[in-house]
Amino acid sequence: AALTAAGLRASGRAGRARVAFHLWNSPDDVRTALHALGRR
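Using the numbering used here, the letters of the sequence shown correspond one by one to residues 50 to 89.
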């Protein structure tokens with residue numbers, strides 16, 4: 050829910066969150082994901 054609230058797409062697999070980055074993602078996208086996960 051925190052990732053979706055931050056505007057990121059993620060899916061649940063086997064009780065875990067799956068997050069995949071691609072070539073078009075920026076370092077800001079990584080920081081946004083880490084912040085949403087509480088890993089500032």
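Beta carbons are placed, not taken as given, at the ideal position from N, Cα and C, and that holds for glycine.
Quick caveat: nothing in here was measured; it's all calculated off a predicted structure.
Within the model, the alpha-carbon separation for alanine 69 versus histidine 84 is close to 16 Å. For alanine 50, there is no enclosing alpha helix (DSSP H), as DSSP marks it with neither H nor E.
In the three-state DSSP reduction, arginine 88 falls in the coil class, being neither helix nor strand. Nearest to histidine 71 by alpha-carbon distance, out of Gly64, Arg65, Ala59 and Ala63, is Ala59. Under the three-state reduction of DSSP output, arginine 65 falls in the strand class.
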